[in-house]
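Everything below concerns the one structure shown next.
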Amino acid sequence: MLEIWGRRNSSNVMSVMWTVGELGLDYRRINVGGSFGGNDDPDFRALNPNGLVPALNDGGRVLWESNTIVRYLAGEYGIDKLCPSDPYRRALAEQWMDWTKTVFYPVFIPVFFGLIRTPVERRDAGAIERATEATANALAIPEAQLARQDWLGGDAFGMGDIPLGVMLYRYFNLAIERPVLPAVEEWYGRLCERPAYRKHAMIPFGDSLEDWLRLEAEGADIQ
Ligand SMILES: N[C@@H](CCC(=O)N[C@@H](CS)C(=O)NCC(=O)O)C(=O)O
Numbered sequence: 001m002l003e004i005w006g007r008r009n010s011s012n013v014m015s016v017m018w019t020v021g022e023l024g025l026d027y028r029r030i031n032v033g034g035s036f037g038g039n040d041d042p043d044f045r046a047l048n049p050n051g052l053v054p055a056l057n058d059g060g061r062v063l064w065e066s067n068t069i070v071r072y073l074a075g076e077y078g079i080d081k082l083c084p085s086d087p088y089r090r091a092l093a094e095q096w097m098d099w100t101k102t103v104f105y106p107v108f109i110p111v112f113f114g115l116i117r118t119p120v121e122r123r124d125a126g127a128i129e130r131a132t133e134a135t136a137n138a139l140a141i142p143e144a145q146l147a148r149q150d151w152l153g154g155d156a157f158g159m160g161d162i163p164l165g166v167m168l169y170r171y172f173n174l175a176i177e178r179p180v181l182p183a184v185e186e187w188y189g190r191l192c193e194r195p196a197y198r199k200h201a202m203i204p205f206g207d208s209l210e211d212w213l214r215l216e217a218e219g220a221d222i223q
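Residue 39 in this note's numbering is what sits at position 39 of the sequence shown, and the numbering runs on without skipping anything.
Laid out in structure tokens, this is it:
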């Protein structure tokens, strides 16, 4: 059975859990990080020396870095389901995973952290507005791709859709201004129909740090 270490409301943990759900694998998830702590426990540091979530233990095969874990699970248990066997098609999916981490995260995380992970009295409205605009600009890239095809990596759902899909639940559920993005919105609608996405990525976060912490505690026992 897979062991996944990390709180379920971490976007990086969500990518792994959604992958596990799509593949129907048996798992046990252990709460680490956020208000659960444990990041510096020796047992956890032995799995991930960075002290960050997620970490995976698959029968002694230990991995950290969420995109790497998604690639491993998709390659080991989901060839031609989540991970194309053709190297070029696989690279097209990986391209979107890497784009999400290197281009989308840096512009979007300040929006999410600014609104949800920061006490109201310390919110920096100007920084949030600038980051919201930068996020909208970044989304023009997947908008153009999804106007040509149904899924980011090609003509079928796959691992290339996972990291950005996780972030877009947050994007579409924040109280921010958003441009009209017809193709991205249709793609998000298709994701919302997937049971594994609903279970592992559509995790409510509320409107404030207080909501965030309350919902984190309330979800502690959900696998
Ligand atoms: N690049 C890493 C980033 C890992 C990361 O920053 N994880 C965050 C949660 S999303 C974390 O562990 N934060 C500390 C905590 O939750 O206590 C990955 O994708 O796995």
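Where a beta carbon is used, it is the ideal one built from N, C-alpha and C, also for glycine.
Query	Result
Closest by C-alpha distance to I109, when choosing among A147, A127 and P54	A127
L82 versus L152 - alpha carbon distance	12 Å
Residue closest to E133, alpha-carbon to alpha-carbon, out of G165, V107, R190 and K199	V107
Touching by the beta-carbon criterion (3+ pairs, under 8 Å), the segment 18-37 and the segment 85-93	no
Proximity of G154 and L92 at Cβ, strictly below 9 Å	yes
Any non-hydrogen atom of ligand 1 within 8 Å of R7 CB	yes
CA-to-CA distance, A140 to A147, given in whole angstroms	10 Å
Distance cut-off 8 Å: V53 Cβ against heavy atoms of ligand 1	yes
Opening and closing residue of the beta strand (DSSP E) in which I222 lies	That residue, I222, is in no beta strand (DSSP E); it is neither H nor E in DSSP.
Beta-carbon contacts of A183 that lie in its chain and below 7 Å, excluding the five residues immediately before and after	E143, L146 and A147
With 16 other Cβ atoms within 10 Å as the buried cut-off, status of E94	buried
Proximity winner among L209, M159 and F104, relative to E76 (alpha-carbon distances)	M159
Option nearest I222 by Cα separation, candidates K199, Y188 and D124	K199
Whole-angstrom C-beta distance between I69 and L52, which should lie under 8 Å	Wrong, their Cβ atoms sit about 12 Å apart, outside the cutoff.
Within the segment 36-73, ranges of the alpha helix (DSSP H) (whole runs, at least 4 residues)	42-47
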